[in-house]
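What follows is one structure encoded as structure tokens, with my remarks underneath.
Chains as they are written, first to last, in our numbering: chain E, 5 to 653; chain C, 12 to 507.
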């Protein structure tokens, strides 16, 4: 049974690592910046150990129960603000995912970031990010959760813009921050809405997550209250999890260092949106409108993002669209009520997507570019990267018996069984996305590893090589080892859900029942059908990019307009830029506000400022330094009060 | 006098004894650096007694003591004793660099600080007007001497001003006490309250009687001097500027805290009857609004960090008075967060202001100037010191996640509870105005070029003081509950 202090330590270890790097190593010992990496690895490793302990303790307690430690933070009026830890199965799983992937990424980064002048700064941000992510999943109360939610966003901003001297990176960081902020505003509104509706919670503390759960399940939240709360929370989740139409920031975020993409923009932070919906799942369940919204947005995003992944030439962008699409899968699972499968997909996705990103980083380390048109033929030079990337791709495509197969199948099965129109719609959307997924990932796989080498960074006109330029050889062991570990995860993680038979160490439906969710039986027909669809996608990719029996150029020419729309990402960036930013904000809103600002606000503030300064000046005149004057002021003050009372009151 | 009486007085006796020991020690030892160590370590004696008393409160047997109706030992008094002992310890630590400029009388310096602190502790316990007056003088006289310690024209001027204005205000205070005594026939706060319930106050007259009107207004004036509240604040900037900087810090934190202890004690114990409390609550509300406004507005124009902090304490006296004024609805549900708000705010303010002052002591001592412009580039020269000063400025404004934020929210919350919304609004506007001059200090330190890159390098005791004050500011900002619980427990003793 885990102690409360040990759970806090999960949070404080990486936080301490951040503090030491930022306050000691960076200012004084920057010569020993290498220590920052080891410190972070040690801290995150410690957190991982404690997280596993936490998982074991929660598992030992049986289904659907939580460990709760709540402390008073402050009492204002009759209202209690608390801080605390909520350790339930969901938290325990998220803790293990976040710390495990983070540990692999930190180890990998010692190789990838070697020699970077910002080495210590990188690890400071990474430690802070890991701590924030842990704080986010541990929070027992919605305000506390929001604080860490914003901290996570801040770290994302700092890490995307890590190479801030590159204009594209700086712009991407800004874009990520602003676009997610749109969603965060919805989340904040939801918190305020909860607070102002606190009377409908009937004596429960409306900011405590467990009390929100109770209020939702007891039916204290009337239909529209639950809907508004759920939609506000979902707005926040859409921003962080890059759901349509707030997805545009994630592909640009690939400007950050690749390990950052693996940790933050694939495995953990973007999954925080899914976590948020899962965390407040009872509220969503209380409103069918909210559930259907989640399902439709998720299903649409899954297909929409996958379609853009088909035509990207930058390997990281393919993976970025893939991430958006997979997050859509998770959202649609939650939307059709499949709580267990949604979280399970988050769990497996964290392993294989981090693996794929780090594989792309390894490839980049050798070739100096991310553009697949200048890669090819890396199989021989980089056997380990090749093998692990293949495992990741198969897992993402969803082939038996890899992790992605089990989780994707569960999601599809639950959508199929949902029974209503929404379920049918999202099922077909998801199935189409499965086809696209297996196609684009094997397109990337074949373009990168098969055929002849096409020159790398030396041939690519748009790339300034990262690291040591083109050198076709396997990456250093500190980068390859984490790939291997994650590959094992990408193979085995699927068995945690184990829908078929009792395996002894893993009982049947272990994962789902651990989460306290209802488990469905395995549907062999659906599984076969989705596997066939996935295999068809791989087959098409093989024909086009491996055996070249179907010409990719000819196909894209004949589908000219479609291809152009896809590769321009449906023109959404341009539309946002033109209608949102240029005309909407600069042209309309900003011009109007500018006038108000100058004519009303500025004039008011200037006047107040003028008064403040001049009254201050005038009052200062009374401060003559003359002792007699001070005595007079005291006496006059007393007489004024007395006079007021005697003659006027 | 029994042993029990001695025990009740033990914190004050221990402190005064320590002060005497320091003077004697000075005669026999050569190495004067030992003195502050003895002073800080010796503070464990009054601290230990205070802690023991906290746990012995139940069976203390005050009723049988000769001190009954003169001194009260309750959680309220002990809260202030802890606060004053803590502040005194930090002031002694922070003085170690400063006293090097005095060739003689170092022991006297420390023991005067301790004597004054003993007076403040007595003040927190006093429940009789005469005791209050005596304790007040014990507090003030050593400070007048300390203000003159620099032995230059400015220092002497500031001491002179403090002495004379303190005497004037004492005269007002005494006159007010006499009026109250004449009306009620008692000097004990409990008896005064009982008598006011019996005499039948007239609802037509403000305060129920003209004698009480004069008495209470004059007491407010006398106490207002201690608090440095408008319009009794004029001495503060001049005295702050001329005094040795550690003494300025002592004045701005400990002396103010003791002043608030007296005000809460007198008004919540003796003048708690609604017909009277409605009136004084209104006076304090108006003085509160004026104090913060005047303090903040004049502070904008200051170029000297000590004067700036002087006006800042005037403004903070205003914020604190919000809690004193927040009594209106207490009779309705029997509980107000006003007094606990004052204690909570004082705790947070003590940590924050000491963090600011200890850094100012370190920097001014090194660069030989109190001008804000001379703090230019301090972030480069001494990043930690500049960070602490910047952090404490943020806390003085009241921005999260600092202790200044939570205490302000709490004390303004008490105003909203008692239908003083207007005062809370004035307070919030004032907080915004104050950001202007606090952030100017931050701006100069972080954005102006440094004239030299030489680090400040304060001595070890001073570093320790900075660290402790900063830790308090940061810790209670993130986790205010322990302090708040202590404040609520202490204030509950007051209104019981």
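Yeah, the Cβ is synthetic: ideal placement off N, Cα and C, and Gly gets one too. Source: prediction; values computed, not measured.
Listed by chain order, chain E residues near residue i by CB distance under 7 Å
i	result
residue 249 (chain C)	629
Contact list for residue i against chain C, beta-carbon separation under 7 Å
i	result
residue 637 (chain E)	242 and 245
residue 653 (chain E)	217
residue 649 (chain E)	217 and 224
Which of helix, strand or coil DSSP assigns to residue i
i	result
residue 79 (chain E)	strand
residue 341 (chain C)	Because residue 341 (chain C) carries a pLDDT of 49, less than 50, the predicted location of this residue cannot be relied on, and the following value inherits that uncertainty. If DSSP states are grouped into helix, strand and coil, residue 341 (chain C) belongs with the helices.
residue 296 (chain E)	helix
residue 71 (chain C)	coil
residue 161 (chain C)	coil
residue 367 (chain E)	helix
residue 46 (chain E)	helix
residue 315 (chain C)	strand
residue 120 (chain E)	coil
residue 24 (chain C)	helix
residue 225 (chain E)	coil
residue 387 (chain C)	coil
residue 272 (chain C)	helix
Proximal residues of chain E, C-beta to C-beta of residue i below 8 Å
i	result
residue 491 (chain C)	77 and 78
residue 417 (chain C)	78
Beta-ladder partner(s) of residue i, from DSSP
i	result
residue 73 (chain E)	E:89
residue 212 (chain E)	E:145
residue 139 (chain C)	C:199
residue 82 (chain C)	C:137
Residue range of the alpha helix (DSSP H) that includes residue i
i	result
residue 247 (chain E)	That residue, residue 247 (chain E), is in no alpha helix (DSSP H); it is neither H nor E in DSSP.
residue 484 (chain C)	471-489
residue 433 (chain C)	432-458
residue 420 (chain E)	407-421
residue 187 (chain E)	171-200
residue 598 (chain E)	595-600
residue 15 (chain C)	14-19
residue 269 (chain E)	Note, residue 269 (chain E): premise wrong, no alpha helix (DSSP H); not H, not E.
residue 368 (chain C)	349-378
residue 5 (chain E)	Taken as a continuous stretch (DSSP letters only), residue 5 (chain E) belongs to no alpha helix (DSSP H), as it is neither H nor E.
residue 545 (chain E)	528-545
Option nearest residue i by Cα separation, candidates the options
i	options	result
residue 462 (chain E)	E:191, E:476 and E:481	E:476
residue 272 (chain C)	C:86, C:73 and C:48	C:86
residue 334 (chain C)	C:434, C:373 and C:160	C:434
residue 527 (chain E)	E:301, E:202, E:481 and E:416	E:416
residue 482 (chain C)	C:424, C:423 and C:400	C:400
residue 110 (chain E)	E:447, E:141, E:196 and E:18	E:18
residue 189 (chain C)	C:222, C:364, C:201 and C:179	C:222
residue 153 (chain C)	C:239, C:262 and C:210	C:262
residue 123 (chain C)	C:34, C:40 and C:52	C:34
residue 183 (chain C)	E:650, E:638 and E:405	E:638
residue 188 (chain E)	E:153, E:162, E:202 and E:175	E:153
residue 157 (chain E)	E:61, E:129 and E:94	E:129
residue 517 (chain E)	E:32, E:6, E:406 and E:63	E:63
residue 44 (chain E)	E:535, E:172 and E:103	E:103
residue 180 (chain E)	E:443, E:606, E:101 and E:273	E:273
Chain C residues whose Cβ lies nearer than 8 Å to that of residue i
i	result
residue 31 (chain E)	394
residue 646 (chain E)	224, 225 and 228
residue 619 (chain E)	308
residue 634 (chain E)	172, 176, 245 and 246
Partner residues on chain E for residue i, Cβ-Cβ distance less than 9 Å
i	result
residue 166 (chain C)	Per Cβ cutoff of 9 Å: no residues; residue 166 (chain C) is ~14 Å from chain E at best.
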